[in-house]
Every structure is written in C-alpha cells, then in structure tokens.
Amino acid sequence: MNKRRSRRLRKKLRIAEFQQLGFDYSIVWSQLPTVSQQDRFINGFLEEIIVARDLLLGGGCTEGAIVGAVQNPTELDRDAVLSWLRAIPGVVKVHVGPLVDAWHGDY
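Here the numbering used here is used: the first residue of the sequence shown is 1118, the next is one more, and so on.
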C-alpha cells in the first residue's frame, strides 16, 4: 500500500524527491601503501575527483562510500571514480558499485 506522506515527512525520511543516491568502492592493492602514499592518494582523490565533482567521501584507501554534496551522483561520476582509481599505480583490482539509495540501500 502506497502511503501519502507530507512533503516535510518525505524530506525527513529521504524518500521520493528527497532520495539521496550513492555508491561504494573497494580497492585491492598489490602492496599496502605506506602512510605517505596513503596521504597522497587521499589528497589526490579528494582534489581531483571528490571536490571537483561536488561529491562527499566516507572511507579511505581500501574502501568507502560516495554521495553527492548537493545533487545525486551520476553514472558519469561513477565512471570518473572508476577510471581515476584504475590509473593509480599499485592498484590490482577496483570495484565501484551501482548507484543505490544511500539511506535505505544495502551497504
């Protein structure tokens, strides 16, 4: 049964037009990066992808989740993340998940 909910409640529940999408990523390294390599990785990831595309990151050098800061991420954002992660030296395998509901999805 589809309930009729007020705009305020839909916003509070983050459903319908207020649904927030996101995707996860995981990285397998050939050798675990050193602390300085991890810092360079995170700083580059934040500057070149996350901030440049108006996204938010929760995670680190091996896995994490990405959502939009203002708007939902797009397939182009997913593709950009995948391409950027694959280009990192020492990365053996990269998985970027599909866009899912960030609040009610399976994470």
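From the three backbone atoms N, C-alpha and C, an ideal C-beta is built for every residue, glycine too.
Here the structure is a predicted model, which means the values were calculated and not measured.
By the DSSP assignment, the beta strand (DSSP E) with residue 1177 in it spans what residues?
Your numbering for residue 1177 matches position 60 in the sequence shown. Unbroken run through residue 1177: none, as it is neither H nor E.
Is the region 1192–1200 in contact with the region 1122–1136, if contact means three or more CB pairs nearer than 8 Å?
In short, these stretches do not touch, since the Cβ pair count stays below three.
Check whether residue 1146 and residue 1187 have beta carbons under 9 Å apart:
In the sequence shown, the residue the question calls residue 1146 occupies position 29. In the sequence shown, the residue the question calls residue 1187 occupies position 70. Taking 9 Å as the Cβ cut-off, residue 1146 and residue 1187 do not qualify as a contacting pair.
Is it true that the CB of residue 1159 sits closer than 9 Å to the CB of residue 1185?
In the sequence shown, the residue the question calls residue 1185 occupies position 68. In the sequence shown, the residue the question calls residue 1159 occupies position 42. Contact: no.
Any idea if residue 1258 is buried or exposed, counting beta-carbon neighbours within 10 angstroms, 16 or more meaning buried?
The structure shown does not extend to residue 1258, since the chain is modelled only from 1118 through 1224, so no value can be given for it.
Could you tell me which residues DSSP puts in a beta bridge with residue 1143?
Position 26 of the sequence shown, counted from the first residue, corresponds to residue 1143. Residue 1143 is bridged by DSSP to 1180 and 1212.
If the criterion is Cβ atoms closer than 9 Å, does the pair residue 1216 and residue 1138 meet it?
As a first step, residue 1216 is located in the sequence shown; it is residue number 99 there, counting from the start. As a first step, residue 1138 is located in the sequence shown; it is residue number 21 there, counting from the start. In contact: residue 1216 and residue 1138 (Cβ atoms closer than 9 Å).
Identify, in the order they occur along the chain, each residue of the same chain with its Cβ nearer than 8 Å to the Cβ of residue 1173, setting aside the five sequence neighbours on each side.
Along the sequence shown, one-based indexing puts residue 1173 at 56. Hits under 8 Å: 1167, 1183, 1184, 1185 and 1186.
Helix, strand or coil for residue 1207 per DSSP?
Position 90 of the sequence shown, counting from 1, holds the residue named residue 1207. Of the three classes helix, strand and coil, the one that applies to residue 1207 here is coil, per DSSP.
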